[in-house]
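Chemist:
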Amino acid sequence: MYFIFQLEFNSTKTYIADFIRAYAKQIEIELDVFQDSKTITISAMSNDEKLEAFLQGLEEVLPASLFLAKSKHFFREEKLVLPTINSTKLPTNIAPCPTCQKEMFDVSSRRYYYPFTSCNHCGSQHPFLDQYPYNRANSSMKFLVPCAACEEERKSNALRVDYPLISCIDCGIGLRMLDKETEHMALDKGSYRKLFEVSGRAIALGKTVLMKTMNGYRKFFKVSAENASSSTLLMASAGGFNEHLMLVQQEFNALLSIERPLLRVATKSDELKLLYGSSVLVKFPDDGMSMLLAREILNAGLEYIAYVECDSSEEADFLVDFDLPLTSQNDTKIFINQDEKLFVSGERILFPQVVKNDNGIVSLAHDLLAVDGDGETIIDSIEKFTSIKGNGVHILEGEAFESGHENEKIFPQYKASMMSVLAEHGKVGQKAIGVHFDGNLNFLYYNGKEIINAVPPIPFESDNLWEKISTLREGSDRLVGNYKKRYPKIWERLDNLKGNMDIFEVTAITLGLEDESFEGISAEALSFLGKGGLQIDTRVKDNRFDNYAFLTSIMSYQLGDVENSYMCYSIYESFGDYIGEIVPQLIEKVETRTVILTGETFANQSLYGRIQRTLGIYKPLMNKSLPIGKENAVYGGLYL
Ligand SMILES: [Zn+2]
Ligand SMILES: [Zn+2]
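Everything in the sequence shown is counted per the numbering used here, starting at 264 for the first residue and increasing by one.
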């Protein structure tokens, strides 16, 4: 008899399956681990006396992952053999796993308060990689020679067998802490700990600490009304979550997952409401530096602090630094609506990624490159590749890159985004309707060969705004006059806009929001707790979305004293209704029921909810293992 344990795992990342294999080796049980793009399957002899210990132990050491969902187990007579992903070992950029964390807080280990603690399946590996292939000689650790104990571990520790970036306090990276007058080096256990302790206390006393983390320089500080705006909230322990934040279980799990994404959530405690308003961008420590600092923040009596991303020249009271050069990735933001998780934007967590690429094409978008190496196509930052070869080069328009390849093609964002979803869901070559919403709203049609912009937006130019609005329809000029009287300052600003701003920026300025962007409107919409119903006008003629009509409608509601949060909520609801009306019309014309949604604007609770209601019957498809907005283009570009 065989015992089969199946975990739903929605990614081709192998660090969880590899971890399970390594852990099985560690406790010396024989079993098979298979992985396809949706499931990890473990198969063991059901009478193995170590099975129970393995399963119990696994529960303790297996990292919680964003990609893990339901699990089940069953028994089976015959041996199970499944095909399995067997991809190149790629560097991770996630938090330390539970076993590595334990070492960091164990005073008897060689890695006590050592922020670079990691193993084959966890930690910040990608920042150290100079170029592929991934090995120590190609990393910024190449000049650090592992000590005897680390060398021994590379043979005997199942979690670190042949681990390229092995190091410990004895042989690893030294830290230093500087203020205006002095410099302290951390070279042994006591001084590593001391450095984080001093940093934590300084922050608790109101000082700022600039720290080089594996995810770039961050300036950490105690949050106050003066410095809160546009900072990210760093929770020091999971204990404070439910007191300060309004979280559903899925959001809580996602924040604590080993991938440690960024997530915007509603505030709950009065103190956080005062600091951040209705919602805040939240992070649980995602690398060794932030994690050790968080521990000392907690010891200093704080439940949370904040940080801003910055560069090494940022002014601060203290600097915590180390010499090794790193390359940091853009952080990844996610969006959660009930059981759906979407990656909104970013590189960390998702890249590098192995993808299918039958035609040997090279694709470039947003400084990410999809390129074939050793029979597998890897997507990663362009600077990690030394040689770039392929049968053709597909480049996102606007990229400053000259391939010189005779087979070069330039593609627009919306086409590549739609194509990436089709490819992810195995729908290439089948008709589909697409909606790409990234500030601008595009309705697309894929006839199985190419993507056509079926209902393009009326171009929006934000200069000479009042002229465009006053000639929109009869009576519009009166509105402009009333608006000037009532909101002279906003009128003035709107009169002097440059031509290249998107509709959300202009809307945010019109509403007088502090965060003058799409994010600002989203955040404001989150704080609306009532029911919708306010109809914002989105068009004038021929069914196309009209930005000027939209702004005019908002202004007249503003003159009618409609609250900002209600208006922002209604903006997305109206978009949802508009999309929900156009898509079925297109579907009827071209006979398909496949609907593809792309673009970051969909990562909004009221719009997403509305879309589920209006288009739910078509079960719209979105990216699962790529960001829904920009970065998916590098993958879609392979298919254009
Ligand atoms: Zn680990
Ligand atoms: Zn060592």
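Glycine residues also receive a C-beta, built at the ideal position from the N, C-alpha and C atoms.
#1: Looking at the structure shown, is Asp-630 part of a helix, part of a strand, or coil, going by DSSP?
#2: Find the nearest neighbour of Leu-605 within the set Lys-761, Ser-650, Glu-514, judged by alpha-carbon distance.
#3: Does the beta-carbon distance from Asn-745 to Pro-720 come in below 8 angstroms?
#4: Should Leu-422 be listed as close to ligand 1, given that the test is whether its C-beta is under 7 angstroms from any heavy atom?
#5: Measuring straight from C-alpha to C-alpha, what distance separates Asn-716 and Asn-705?
#6: Consider the C-beta atom of Ala-491 and the heavy atoms of ligand 2; say whether any pair is separated by less than 7 angstroms.
#7: What do you reckon, are the CB atoms on Gly-899 and Ile-874 nearer than 8 angstroms?
#8: With a threshold of 6 angstroms on Cβ separation, who are the neighbours of Leu-535 within its own chain once the five nearest residues in sequence on each side are excluded?
#9: Determine the DSSP secondary structure at Arg-741, reduced to helix, strand or coil.
#10: Between Pro-359 and ligand 1, is the CB less than 7 angstroms from at least one heavy atom?
#11: Going by DSSP, what residues sit across from His-668 in a beta bridge?
#12: How about Ile-696 and Ile-891: are their beta carbons less than 8 angstroms apart?
#13: For Cys-573, does the three-state DSSP call read helix, strand or coil?
#14: Leaving out five residues before and five after Glu-671 in sequence, what residues of the same chain have Cβ atoms less than 6 angstroms from its Cβ?
#15: Based on the DSSP output, what are the partners of Ile-753 in its beta bridges?
#16: By Cβ distance, which residues of its chain are closer than 8 angstroms to Asp-758, with the 5 residues on each side in sequence left out?
#17: May I ask which residues mark the beginning and end of the beta strand (DSSP E) holding Ala-332?
#18: Can you list, in chain order, the residues of its chain whose CB lies under 7 angstroms from that of Tyr-397, leaving out five sequence neighbours each side?
#19: What's the call for Ala-280, buried or exposed, on a 16-neighbour Cβ count within 10 Å?
#20: Is the beta carbon of Leu-707 sitting closer than 8 angstroms to the one on Val-897?
#21: Please report the distance separating the alpha-carbon of Thr-302 from that of Lys-452.
#22: Per the DSSP calculation, Ile-267 is bridged to which residue(s)?
#23: Taking only the alpha-carbon atoms, compute the straight-line gap between Leu-870 and Met-885 and give it to the nearest angstrom.
#24: In chain order, what are the residue ranges of uninterrupted alpha helix (DSSP H) at least 4 long that sit wholly in the region 495-583?
#25: Between Ala-307 and Ser-541, is the Cβ-Cβ spacing less than 8 angstroms?
#26: Quick one: what does DSSP say Asp-643 is sitting in, helix, strand or coil?
#27: Grouping DSSP H, G and I as helix and E and B as strand, with all else coil, what is Ala-287?
#28: Checking the sheet assignment: what are the DSSP bridge partners for Ile-714?
Modeler: This is what the structure gives:
#1: Within the sequence shown, numbered from 1, the residue matching residue 630 stands at position 367. Here Asp-630 sits in coil by DSSP.
#2: In the sequence shown, the residue the question calls residue 605 occupies position 342. It is Glu-514.
#3: Numbered from 1 along the sequence shown, position 482 holds the residue referred to as residue 745. Numbered from 1 along the sequence shown, position 457 holds the residue referred to as residue 720. Contact flag unset, no.
#4: On the sequence shown, residue 422 is found 159 positions in, with the first residue counted as 1. Indeed, a heavy atom of ligand 1 lies less than 7 angstroms from the Cβ.
#5: Position 453 of the sequence shown, counted from the first residue, corresponds to residue 716. Position 442 of the sequence shown, counted from the first residue, corresponds to residue 705. Spanning the two alpha carbons is a distance of roughly 7 angstroms.
#6: Working through the sequence shown from its first residue, we reach residue 491 at position 228. It does not: the Cβ of Ala-491 is nowhere closer than 7 angstroms to a heavy atom of ligand 2.
#7: Here residue 899 is taken as the residue at index 636 of the sequence shown, counted from 1. Here residue 874 is taken as the residue at index 611 of the sequence shown, counted from 1. For the 8 angstroms CB-CB criterion, Gly-899 and Ile-874 do not form a contact.
#8: The residue given as residue 535 occupies position 272 in the sequence shown. Excluding residues within five positions, the ones whose Cβ falls inside 6 angstroms are His-507.
#9: Locating residue 741 in the sequence shown gives position 478, where the first residue counts as 1. Helix at Arg-741.
#10: As a first step, residue 359 must be located in the sequence shown, where it is residue number 96. The beta carbon of Pro-359 sits closer than 7 angstroms to at least one heavy atom of ligand 1.
#11: By 1-based counting over the sequence shown, the position of residue 668 is 405. According to DSSP, which records beta bridges pairwise, His-668 is partnered with nothing at all.
#12: Counting from one through the sequence shown, the residue named residue 696 turns up at place 433. Counting from one through the sequence shown, the residue named residue 891 turns up at place 628. Against a cut-off of 8 angstroms, the Cβ pair of Ile-891 and Ile-696 comes out as no contact.
#13: Numbered from 1 along the sequence shown, position 310 holds the residue referred to as residue 573. Cys-573: strand per DSSP, three-state reduction.
#14: Here residue 671 refers to the residue found at position 408 when the sequence shown is read from its first residue. Excluding positions up to five away in sequence, the list reads Val-656.
#15: For the purposes of this step, residue 753 is taken as the residue at position 490 of the sequence shown. Answer is none; Ile-753 lacks a bridge partner.
#16: Along the sequence shown, one-based indexing puts residue 758 at 495. Closer than 8 angstroms at the Cβ level, and outside the excluded window around Asp-758, lie Leu-728, Trp-729.
#17: Here residue 332 refers to the residue found at position 69 when the sequence shown is read from its first residue. From DSSP, the beta strand (DSSP E) with Ala-332 extends over 331-339.
#18: If you number the sequence shown from 1, residue 397 lands on position 134. For Tyr-397, where only same-chain residues beyond five positions count, the Cβ hits under 7 angstroms are Lys-352, Leu-353, Pro-354, Pro-427.
#19: The sequence position of residue 280 within the sequence shown is 17, counting from 1. Per the 10 Å Cβ criterion, buried.
#20: Within the sequence shown, numbered from 1, the residue matching residue 707 stands at position 444. Within the sequence shown, numbered from 1, the residue matching residue 897 stands at position 634. For the 8 angstroms CB-CB criterion, Leu-707 and Val-897 do not form a contact.
#21: Here residue 302 is taken as the residue at index 39 of the sequence shown, counted from 1. Here residue 452 is taken as the residue at index 189 of the sequence shown, counted from 1. Approximately 41 angstroms, taken between the alpha carbons.
#22: For this step, residue 267 is matched to residue 4 along the sequence shown. Answer is Ser-306, Phe-337.
#23: What you label residue 870 is simply residue 607 of the sequence shown in a count that begins at 1. What you label residue 885 is simply residue 622 of the sequence shown in a count that begins at 1. Roughly 14 angstroms between the two C-alpha positions.
#24: Taking only runs of at least 4 residues, the alpha helix (DSSP H) segments lying wholly in the region 495-583 are 504-507, 512-519, 533-539, 551-562.
#25: On the sequence shown, residue 307 is found 44 positions in, with the first residue counted as 1. On the sequence shown, residue 541 is found 278 positions in, with the first residue counted as 1. No, these two residues do not count as a Cβ contact at 8 angstroms.
#26: Translated into the one-based positions of the sequence shown, residue 643 becomes position 380. If DSSP states are grouped into helix, strand and coil, Asp-643 belongs with the strands.
#27: If you number the sequence shown from 1, residue 287 lands on position 24. Ala-287 falls in the helix class under three-state DSSP.
#28: Looking up residue 714 in the sequence shown gives position 451. The partner list for Ile-714 (beta bridge, DSSP) reads Tyr-709.
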